[in-house]
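Q:
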Amino acid sequence: VPIDLCEVARKARSLAGVGLTGDTIRCVLQPVPHVLGVEDELVQIAVNLVANAVQASGPAPDIEIEVAPQGGGAALFVRDRGPGIPPEVLPRLFDPFFTTKEPGQGTGLGLSLSFDLARRYDGHLEARSRPGGGAELELWLPGTNG
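If you count by this note's numbering, then the sequence shown holds residues 138 to 283, one letter each, in order.
1. Within 10 Å of its beta-carbon, does residue 253 have 16 or more other beta-carbons around it, so buried, or fewer, so exposed?
2. What residue from 232, 222, 229, 231 has the CA that sits closest to residue 267's CA?
3. Are the CB atoms of residue 152 and residue 172 within a distance shorter than 8 Å?
4. Quick check: the Cα distance between residue 261 and residue 276, rounded to an integer number of angstroms?
5. Grouping DSSP H, G and I as helix and E and B as strand, with all else coil, what is residue 265?
6. Helix, strand or coil for residue 252 per DSSP?
7. Please confirm whether residue 195 and residue 210 have their CB atoms less than 8 Å apart.
8. Apart from the five residues just before and just after residue 230, which ones in its own chain have a Cβ nearer than 7 Å to its Cβ?
9. For the alpha helix (DSSP H) that contains residue 212, what are its first and last residues?
10. Does DSSP put residue 201 in a helix, a strand or coil?
11. Nearest-angstrom Cα distance between residue 204 and residue 233?
12. Helix, strand or coil: which one does DSSP assign to residue 247?
13. Below 6 Å CB to CB, which residues in the same chain sit around residue 279 once its five sequence neighbours on both sides are set aside?
14. Which two residues bound the contiguous beta strand (DSSP E) that contains residue 165?
15. Starting from residue 225, follow the beta strand (DSSP E) in both directions and report where the run begins and ends.
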């Protein structure tokens with residue numbers, strides 16, 4: 138089913154933003170090609186990315202969700218101003234059951250499941266530290282032909 142990634146971003150902001158102030162999570166939405174997928178699964182990916190960004194940011198999260206056209210498809214970026222991703226963690230970030238959280242605080246499955254869902258739709262999920270601090274996670278999906 139063709140999906141509007143901007144709508145996915147809006148829903149993820151709403152779900153992940155429960156209990157946060159209105160300006161904690163900002164959306165920057167550009168017109169993008171529709172992508173194929175199951176909307177609830179794409180929202181789940183975005184919610185996982187945003188929830189991780191909020192948790193990594195400490196007491197004053199500052200999160201941006203951007204949707205932009207990229208490489209014949211659409212990309213959803215989640216950016217935070219937390220400490221970034223340590224270089225030794227980056228290669229394992231999408232491994233099942235890998236977590237940097239304290240015991241009992243997370244299962245280490247959210248990013249792994251999100252990674253697998255992105256691949257199911259011929260897309261990819263990537264992570265990197267941002268110059269100047271913070272992390273950026275990127276979900277890219279190919280655009281539909283129609």
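Beta carbons: idealized from backbone N, C-alpha and C, even for Gly.
A: On the basis of the coordinates in this document:
1. Your numbering for residue 253 matches position 116 in the sequence shown. Exposed, since its Cβ has fewer than 16 Cβ neighbours within 10 Å.
2. Residue 267 sits at position 130 when you count from the first residue of the sequence shown. Looking from the CA of residue 267, the closest CA among 232, 222, 229, 231 belongs to 222.
3. Here residue 172 refers to the residue found at position 35 of the sequence shown. Here residue 152 refers to the residue found at position 15 of the sequence shown. No; because the gap between Cβ atoms is not below 8 Å, this pair is not in contact.
4. Looking up residue 261 in the sequence shown gives position 124. Looking up residue 276 in the sequence shown gives position 139. Cα-Cα distance, rounded: 6 Å.
5. Here residue 265 refers to the residue found at position 128 of the sequence shown. In this structure, residue 265 counts as strand in the three-state DSSP scheme.
6. By one-based count along the sequence shown, residue 252 stands at place 115. Residue 252: helix per DSSP, three-state reduction.
7. Locating residue 195 in the sequence shown gives position 58, counting from the first residue. Locating residue 210 in the sequence shown gives position 73, counting from the first residue. It is not a contact, given that the beta carbons lie outside the stated cut-off.
8. Along the sequence shown, one-based indexing puts residue 230 at 93. Contacts found: 222, 248, 264.
9. Position 75 of the sequence shown, counting from 1, holds the residue named residue 212. Per DSSP, residue 212 belongs to no alpha helix (DSSP H); it is in the beta strand (DSSP E), 210–216.
10. Position 64 of the sequence shown, counting from 1, holds the residue named residue 201. It is a strand residue.
11. Your numbering for residue 204 matches position 67 in the sequence shown. Your numbering for residue 233 matches position 96 in the sequence shown. In this structure, the alpha-carbon of residue 204 lies about 27 Å from that of residue 233.
12. Here residue 247 refers to the residue found at position 110 when the sequence shown is read from its first residue. Helix at residue 247.
13. Position 142 of the sequence shown holds residue 279. Excluding residues within five positions, the ones whose Cβ falls inside 6 Å are 210, 259.
14. Here residue 165 refers to the residue found at position 28 of the sequence shown. DSSP places residue 165 inside the beta strand (DSSP E), whose first and last residues are 162–166.
15. Looking up residue 225 in the sequence shown gives position 88. Where residue 225 is concerned, there is no enclosing beta strand (DSSP E), given that its DSSP letter is neither H nor E.
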